[in-house]
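Residue numbers (my numbering): 3 to 158.
These notes concern the structure reproduced below.
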Ligand code: ZN
C-alpha cells in the first residue's frame, strides 16, 4: 500500500477518455489499494483512475456510510431530478463551485471480483458518482460550474 501522486488540472491526462478495465489481476488490486490510501490521506470524497495517472475506467466513491466503494467499468444507467450544490476536486486544489447534478442516479459497476452490481444513490452520493464517472470521460466539474470558481478558505 502506498500513497500515489494526485495529477493536477493542466495535465492533459485529465482530459482523456479512459479505456475499460479488462485485467482483474494483482496489479489492479495494488492500484485500488493505493487509491484507498491516497484518498484517505487527502480526505477526499472520490478519486478516479486518471487522477493517479491511470487511464482506465475505475474510481473510488465515498458512499452513505463514509466508506469508499470501488467502482470498476461504471456506468450511469438511470438518473432522475436535479440538485445544485458545491463541488470540489482533489485535482483542482483550493477551489470549489456550484454544479447541477441529478438528484438520484442508478450506477452499474463491477467489483474487483468482476461481479456486476447496480446501486441507487441520492443527494451527495449521487453527486460523487457523477463527478467520478465524468473523470473517466476526461471531464472536470470546472467545465460545468455555475458561476465563478471560488477559493476555499485557508482557515477553518
Ligand atoms: Zn475530481
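Where is the CB? At the ideal position from N, CA and C, for every residue including glycine.
Since the structure is predicted, the reported quantities are computational estimates derived from the model, not experimental observations.
Select from the options the residue whose C-alpha is nearest the C-alpha of residue i.
{"i": "residue 151", "options": "78, 129 and 91", "result": "91"}
{"i": "residue 50", "options": "103, 139, 82 and 65", "result": "139"}
{"i": "residue 124", "options": "137, 105, 36 and 131", "result": "105"}
{"i": "residue 95", "options": "86, 66, 46 and 62", "result": "46"}
{"i": "residue 84", "options": "7, 36, 67 and 102", "result": "102"}
{"i": "residue 2", "options": "66, 44, 108 and 89", "result": "Residue coverage of the chain in this structure runs from 3 to 158, which leaves residue 2 outside it and unanswerable."}
{"i": "residue 142", "options": "17, 7, 4 and 5", "result": "17"}
{"i": "residue 41", "options": "119, 64, 13 and 28", "result": "64"}
Using only the heavy atoms of ligand 1, determine whether one of them is closer than 8 Å to the beta carbon of residue i.
{"i": "residue 132", "result": "no"}
{"i": "residue 41", "result": "no"}
{"i": "residue 137", "result": "yes"}
{"i": "residue 44", "result": "no"}
{"i": "residue 125", "result": "no"}
{"i": "residue 20", "result": "no"}
{"i": "residue 50", "result": "yes"}
{"i": "residue 93", "result": "yes"}
{"i": "residue 70", "result": "no"}
{"i": "residue 111", "result": "no"}
{"i": "residue 98", "result": "no"}
{"i": "residue 142", "result": "yes"}
Under 8 Å Cβ to Cβ from residue i, same chain only, skipping five residues before and after it: list those, please.
{"i": "residue 157", "result": "Summary for residue 157: the model assigns pLDDT 44, below 50, so the residue's position carries little reliability; its value from the coordinates is reported in the next sentence. Within the same chain, residue 157 has no close Cβ partners at all."}
{"i": "residue 15", "result": "9, 52, 55 and 57"}
{"i": "residue 87", "result": "100, 101, 103, 126 and 129"}
So if DSSP puts residue i in a beta bridge, which residue, or which two residues, is it bridged to?
{"i": "residue 99", "result": "89"}
{"i": "residue 80", "result": "108"}
{"i": "residue 70", "result": "64"}
{"i": "residue 50", "result": "61"}
{"i": "residue 43", "result": "The partner list for residue 43 (beta bridge, DSSP) is empty, contrary to what the question assumes."}
{"i": "residue 123", "result": "107"}
{"i": "residue 148", "result": "100"}
For residue i, which residues from the same chain have a beta carbon less than 6 Å from its beta carbon, with the 5 sequence-adjacent residues on both sides left out?
{"i": "residue 137", "result": "50 and 52"}
{"i": "residue 60", "result": "23, 51 and 74"}
For residue i, I'd like the list of residues in its chain whose CB is within less than 7 Å of its CB, leaving aside the five on either flank, ordered along the chain.
{"i": "residue 146", "result": "101"}
* Determine, using beta-carbon pairs with one atom in the region 108-121 and one in the region 12-32, whether at least three such pairs fall under 8 Å. => Judged by Cβ distances under 8 Å, the region 108-121 makes contact with the region 12-32, as three or more pairs qualify.
State whether the region 65-79 contacts the region 119-138, with contact taken as three or more CB pairs (one from each stretch) at a distance under 8 Å. They touch, by the three-pair rule.
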